[in-house]
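Working notes, beginning with the structure itself.
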Amino acid sequence: MAETLPPQYDPSETEGPLYRWWWEQGFFRADPESSRESYTIVIPPPNVTAVLHMGHGLNDTLQDVLIRWRRMQGYETLWQPGTDHAGIATQNVVERRLANEGRTRFDLGREAFVDEVWSFVRETGSVIIDQLRAIGCSCDWDRTRFTLDEGLSRAVREVFVSLYEKGLIYRGNYIINWCPRCLTALSDEEAEPEETAGKLYHLRYPLAEGTDAEGRPYLVVATTRPETMLGDIAVAVHPEDGRYRALVGREVELPLTGRRVPIIADDYVDPEFGTGAVKITPGHDPNDFEMGRRHGLPVLNVMTPEAAMDESVPGPFRGLDRFEARRAVVQALREQGLLERVDEHTHAVPHCYRCDTVVEPRVSEQWFVRMQPLAEPALAAYREGRLHFTPERFGKIYEHWMENIRDWCISRQLWWGHRIPVWYCRAPGCGEMIVSREDVSACPKCGGTEVEQDPDVLDTWFSSWLWPFSTLGWPEETPSLRKFYPTDTLVTAPEILFFWVARMVMAGIEFVGEIPFCDVVLNGTVRDHLGRKMSKSLGNGIDPLLVVERFGADALRYTVVSGSAPGTDQYLNYENLEEAFGPGRNFANKLWNAGRFALMNVGDEPVPSLDEVGTSIEFADRWILSRLSRATREITEDLERFRLNEAALAGYRFFWGDLADWYLEMVKPRLRGEMGEESRQAARATLVTVLDLTLRLLHPVTPFITETVWQRLPRHRGDAPSLMVAQWPEPVPAWEDDRVEEAVRELQELIGTVRNLRAEYGVAPGQRVKLRVVGAGDETASLLASARRTLADLARVEDVSAERVEGEVGASAVLRSGAEIFLPLAGVIDLDRERLRLRGEIDRLRGQLAGTERKLANESFVSRAPAEVVQRERDKVTSFGEQVEKLERTLRALEGAA
RNA sequence: GGGCGCUUAGCUCAGCUGGUCCAGAGCACCUGGUUUACACCCAGGGGGUCGGGGGUUCGAAUCCCUCAGCGCCCACCA
Numbered sequence: 000m001a002e003t004l005p006p007q008y009d010p011s012e013t014e015g016p017l018y019r020w021w022w023e024q025g026f027f028r029a030d031p032e033s034s035r036e037s038y039t040i041v042i043p044p045p046n047v048t049a050v051l052h053m054g055h056g057l058n059d060t061l062q063d064v065l066i067r068w069r070r071m072q073g074y075e076t077l078w079q080p081g082t083d084h085a086g087i088a089t090q091n092v093v094e095r096r097l098a099n100e101g102r103t104r105f106d107l108g109r110e111a112f113v114d115e116v117w118s119f120v121r122e123t124g125s126v127i128i129d130q131l132r133a134i135g136c137s138c139d140w141d142r143t144r145f146t147l148d149e150g151l152s153r154a155v156r157e158v159f160v161s162l163y164e165k166g167l168i169y170r171g172n173y174i175i176n177w178c179p180r181c182l183t184a185l186s187d188e189e190a191e192p193e194e195t196a197g198k199l200y201h202l203r204y205p206l207a208e209g210t211d212a213e214g215r216p217y218l219v220v221a222t223t224r225p226e227t228m229l230g231d232i233a234v235a236v237h238p239e240d241g242r243y244r245a246l247v248g249r250e251v252e253l254p255l256t257g258r259r260v261p262i263i264a265d266d267y268v269d270p271e272f273g274t275g276a277v278k279i280t281p282g283h284d285p286n287d288f289e290m291g292r293r294h295g296l297p298v299l300n301v302m303t304p305e306a307a308m309d310e311s312v313p314g315p316f317r318g319l320d321r322f323e324a325r326r327a328v329v330q331a332l333r334e335q336g337l338l339e340r341v342d343e344h345t346h347a348v349p350h351c352y353r354c355d356t357v358v359e360p361r362v363s364e365q366w367f368v369r370m371q372p373l374a375e376p377a378l379a380a381y382r383e384g385r386l387h388f389t390p391e392r393f394g395k396i397y398e399h400w401m402e403n404i405r406d407w408c409i410s411r412q413l414w415w416g417h418r419i420p421v422w423y424c425r426a427p428g429c430g431e432m433i434v435s436r437e438d439v440s441a442c443p444k445c446g447g448t449e450v451e452q453d454p455d456v457l458d459t460w461f462s463s464w465l466w467p468f469s470t471l472g473w474p475e476e477t478p479s480l481r482k483f484y485p486t487d488t489l490v491t492a493p494e495i496l497f498f499w500v501a502r503m504v505m506a507g508i509e510f511v512g513e514i515p516f517c518d519v520v521l522n523g524t525v526r527d528h529l530g531r532k533m534s535k536s537l538g539n540g541i542d543p544l545l546v547v548e549r550f551g552a553d554a555l556r557y558t559v560v561s562g563s564a565p566g567t568d569q570y571l572n573y574e575n576l577e578e579a580f581g582p583g584r585n586f587a588n589k590l591w592n593a594g595r596f597a598l599m600n601v602g603d604e605p606v607p608s609l610d611e612v613g614t615s616i617e618f619a620d621r622w623i624l625s626r627l628s629r630a631t632r633e634i635t636e637d638l639e640r641f642r643l644n645e646a647a648l649a650g651y652r653f654f655w656g657d658l659a660d661w662y663l664e665m666v667k668p669r670l671r672g673e674m675g676e677e678s679r680q681a682a683r684a685t686l687v688t689v690l691d692l693t694l695r696l697l698h699p700v701t702p703f704i705t706e707t708v709w710q711r712l713p714r715h716r717g718d719a720p721s722l723m724v725a726q727w728p729e730p731v732p733a734w735e736d737d738r739v740e741e742a743v744r745e746l747q748e749l750i751g752t753v754r755n756l757r758a759e760y761g762v763a764p765g766q767r768v769k770l771r772v773v774g775a776g777d778e779t780a781s782l783l784a785s786a787r788r789t790l791a792d793l794a795r796v797e798d799v800s801a802e803r804v805e806g807e808v809g810a811s812a813v814l815r816s817g818a819e820i821f822l823p824l825a826g827v828i829d830l831d832r833e834r835l836r837l838r839g840e841i842d843r844l845r846g847q848l849a850g851t852e853r854k855l856a857n858e859s860f861v862s863r864a865p866a867e868v869v870q871r872e873r874d875k876v877t878s879f880g881e882q883v884e885k886l887e888r889t890l891r892a893l894e895g896a897a
């Protein structure tokens, strides 16, 4: 049976069926009635139309590692899955599809368009959910939620209405970020500043009357967006600015429009920037809007929703797109001699985070959430240590954002999303506004039935911020909510710290009365080898499913977990998948073969427990148990502190470096029975126990291969049907033994040194050699006695003795303990040939050395050749010198110069 | 303009509370390998003034200062 296992692990045959079995066994399901303590993670819901990319691969694997680990620790675990309707993003995708057919959403009308999106979402949506299964995510799929679900929609309404009732939601005309392509308002977070090379135009605004202090009949203002001058309402200067003091209170004649606007004074103006005089456009600039309000100035909106100049501007500019208008305005001013000069100017220009169009600030009527009252307890949660970030520095970013929080614009002029639960009575003379949890069909004030619902939808994050409790049934007091809220760990990307994480904290406190999670773990970004973010448009992404297919899910998981320290970006080369994922696949294969080794060598009889073999366990057994206990402690601590990369690497090191490289080798003759039956039983017991516990430690990162091997082990501790629900190991202090570990370190050094000498002196691989150890202390001596067999197997050493024969020729080295080891080589290698070879080698190197030195002695080479070439030659001299010295030492040893 | 992070072997990165993980891992490279778990392997090897400079300390890759380069976040300089 064991012999039939192939020497290569094939994940593609194993993973799918194993995953299905796990699911069918119900291991992923969370039971709200369980008496066990809960551990909960909510998934950052991917866009419903998304496909899995490496960012998900990383983020979701990290969550799965935590969930699997806690599950094994005996917690009642819930990993809550689901998807996000992703308002703008999804609407854009469907609109693009329509555009390909030459249609727009307006052709369809609202209802038909929303139906269209729904059918698109049903058809392609949740593909990503299936893909998460391929990488082994152990979510409770029965609980999959969608932010536009009936239940979640109810939560959204409840929240909107209750915030309105508390006076925390208001509606008004304010300046907001407007995307002229998506035709909707955006929140401040959705307008992403990008450094842009622009121009700073210096415009002359003629004074309505007279001249300034220096006799000029005009004032110069500086602006990056000259087209907005058509909406100017004033010019502002700093009150202390001597240059302009006399002008305050007077007027300028606004060019191209014939309007007269006042010159006002305001502290906001920086006298150092530009000319110290600022044109004020409250309709299209947030700062100007604020200033306008301070001074009671009117607002002039001069652009259409598409950001073309509207009817309010002079004829020649009407209908021009804002950038065409910019050229036209500049041209017109130039012709009138009013363009003083144009400077190059780089500044941050806000862009729509979904379509990258330059955002146009615009005044319009929108809904807002008053954030200050929500932020205060969320800030306190962090400051009081109830909310913790990994890495910690993100806490400061969170704190800073909370301290400077601004009101949240939540209305979107989209069709895809939660409709705002507000109705307006259209009955003549009524005009009642009804904010309601239930749909409204008649006006409660006048009884009229001409009520219309607000046409806008809510920001997609207005449903996301409820995710940790809306998915558990809130506002109902469900058993799941009681059991699993608050959740424990949130693992996500730093990009959505404000969009999502911060707002969830506020919502959790406000609506459920408790922070939604106590630990926030921020993972890094997956980038390509050139440091670019992986993206579909750049074509530099890696398809995780392709990786799963070629290398296995475990390889993918091991690679992303081990390769990303918390908050640190990970670089993966999409041109060389072998380099990136080969090591993970090799790790899985090594595990497979360790299992295969055990099956082939342990035999079919029942395997005794460690207790049963008792004191007959040996030196090597005690060593591996000691190492295992330490590895267990280290891995558990790493997981507790969210150093998942360290946990993965520690597991790798222990399994490969200690268990496979040393213990398995040391135990071979014993398993074959060559050292007696008692020794064999001790080895069987230890090997199976250690392998069992090691597989548990490695399971969270590489679940498929560990389960596959574990299922085949001859004996399991306890009756767990699966490694998934097997118990997580505890360190066993009684196993830890510093002296044994130290002894093995010395043995390893000894074997390494012998191997080293053998290689250096060209001893044939299979050739056995004698070993003399001189000056060893008692400890080393007894170690040598007990490790005779290991030395023979691993270093091909026989006849270990402490006697040094006078005049013997061979190789020697000194160990850290001070003991000297000597390998007699007479009769082992052909001494004459080796001497000859060494002399030849030395002569060759000396020749090269001399040549290089001659080169360096050449004045013109040193002065003319590039410095690095000369340096390379110098390095060669040093390196040749060292090599010659080493070979000469070897040669002297061979010539018997003791 | 503020704040933060990074800079360690050719490449990708670990290195947690200054002192046996203190110079490491994987990959790449070179040499050797029919030791029946594994060539997706085994053994050995070369390669780094831990970005530069200064300081604290018995001791610094690790703490402090400073300079340089890269990156991120925030910000109303038109």
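Residues in the first sequence are numbered from 0 upward in steps of one, following the working numbering.
The beta-carbon is built from N, C-alpha and C at its ideal position, and this holds for glycine as well.
These numbers were taken from a predicted model, which means no experiment stands behind them.
On the premise that residue j lies in contact with residue i, defined as a C-beta separation below 8 Å, what is that separation, rounded to the nearest angstrom?
i           : j           : result
residue 827 : residue 768 : 6 Å
residue 489 : residue 520 : 7 Å
residue 146 : residue 83  : 5 Å
residue 474 : residue 515 : With 8 Å as the limit, residue 474 and residue 515 do not qualify as a contact, their Cβ atoms being about 15 Å apart.
residue 551 : residue 587 : 6 Å
residue 458 : residue 411 : 6 Å
Please classify residue i as buried or exposed, where buried requires at least 16 other C-beta atoms within 10 Å of its C-beta.
i           : result
residue 726 : exposed
residue 440 : exposed
residue 432 : exposed
residue 314 : exposed
residue 896 : Confidence at residue 896 is low in this model, with a pLDDT of 47, below 50, so the placement of that residue should be treated as unreliable; the coordinate-derived value is given next. Exposed.
residue 545 : exposed
residue 0   : Low per-residue confidence applies at residue 0: pLDDT is 40, beneath 50, and the placement is therefore not dependable, though the value from the model is reported in the following sentence. Residue 0 is exposed by the Cβ-count criterion.
residue 835 : exposed
residue 679 : buried
Among the candidates the options, whose CA atom is the shortest distance from the CA of residue i?
i           : options            : result
residue 340 : 346, 330, 349      : 330
residue 562 : 583, 551, 550, 545 : 583
residue 801 : 781, 815, 789, 503 : 781
residue 774 : 817, 370, 306, 217 : 817
residue 547 : 56, 503, 528       : 56
residue 362 : 174, 448, 190      : 174
residue 809 : 613, 622, 821      : 821
residue 482 : 249, 7, 33         : 33
residue 305 : 684, 338, 642, 358 : 358
residue 424 : 448, 401, 668      : 448
residue 499 : 400, 420, 348, 227 : 400
Indicate whether residue i and residue j have their beta-carbon atoms separated by less than 8 Å.
i           : j           : result
residue 272 : residue 137 : no
residue 543 : residue 199 : no
residue 465 : residue 471 : no
residue 220 : residue 262 : no
residue 396 : residue 496 : yes
residue 380 : residue 504 : yes
residue 202 : residue 225 : yes
residue 736 : residue 625 : yes
**OP:** Would you be able to state if there are at least three C-beta pairs under 8 Å between the region 585-596 and the region 654-661?
**Re:** yes
Subject >> Three or more C-beta pairs below 8 Å linking the region 558-577 and the region 377-397 >> reply: Result yes; three or more Cβ-Cβ pairs closer than 8 Å.
Subject >> contact_flag[the region 222-231, the region 279-288] where n(CB pairs < 8 Å) is 3 or more >> reply: yes
Original post:
Are at least three pairs of beta-carbons, each pair with one atom in the region 604-622 and one in the region 572-583, less than 8 Å apart?
Top reply: The answer is no - the region 572-583 does not touch the region 604-622, with fewer than three Cβ pairs under 8 Å.
**OP:** Determine contact between the region 59-74 and the region 637-644, defined as no fewer than three beta-carbon pairs at a distance below 8 Å.
**Re:** yes
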